[in-house]
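Working notes, structure below.
Residue numbers (my numbering): 6 to 184.
This is the structure in structure tokens:
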């Protein structure tokens, strides 16, 4: 319709559950983040669609920019946060699908190891329950909107605060008291 690049966004969802409230939340978050990145780059979104089905949530955005630029922005989103690993953003033109390798990037890595995901999928290298567990491990980072490092730092700060508050208590049954 537009004869412009199209971003097709789906989720990496190993196992039988492809659509849930958590999946939809992650897609909504990713959809908003991609639109923000495009706006910040001065790229016009010509048309947008967002839908849910038993195969999982999906989003489509037709944009007014070069396909390589769109793929670069998509890769920033996929690689910029731990939960980004659960995104699969394909960039299509009327004549091709841009791949990571077209931009000099390595193939997408497996959820469980550093090998190319396609290789592990073809060889069924990891049990499905292990893949599902790894995807589930990444979901909460999207739910709280933090990177893995930021979440670790926040947890560390809470632990220090808790210890400081406990140490400040006057009555410490079973513990050594100040003075």
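In this text, a Cβ means the ideal position worked out from N, Cα and C, and glycines have one as well.
Quantities reported herein were computed from a predicted structural model and do not represent experimental measurements.
- Annotation: residue 60 is outside any beta strand (DSSP E) and is labelled neither H nor E by DSSP.
- Cβ-Cβ distances below 7 angstroms link residue 28 to 16, 18, 61 and 62 in the same chain, with the five nearest sequence neighbours on each side left out; the list follows chain order.
- A distance below 8 angstroms separates the beta carbons of residue 79 and residue 96.
- DSSP places residue 12 in the uninterrupted beta strand (DSSP E) bounded by 11 to 16.
- By the criterion of a C-beta distance shorter than 8 angstroms, residue 59 is surrounded in its chain by 23 and 24, once the five residues flanking it on both sides are discounted.
- Per DSSP, reduced to three states, the secondary structure at residue 119 is coil, with no helix or strand assignment.
- By alpha-carbon distance to residue 21, the top candidate from 83, 136 and 164 is 136.
- Taking a 10 Å sphere around the C-beta of residue 47, we find fewer than 16 other C-beta atoms and assign the residue as exposed.
- Separation of the CB atoms of residue 113 and residue 121 is rounded to 7 angstroms, and the pair is thereby assigned contact status at 8 angstroms.
- Note on geometry: alpha-carbon atoms of residue 93 and residue 35 lie some 10 angstroms from one another.
- Residue 85 and residue 91 have their alpha carbons spaced roughly 12 angstroms apart.
- If you compare the alpha carbons of 108, 65, 138 and 107 with that of residue 6, the shortest gap goes to 65.
- Here DSSP, grouped into helix, strand and coil, assigns residue 27 to helix.
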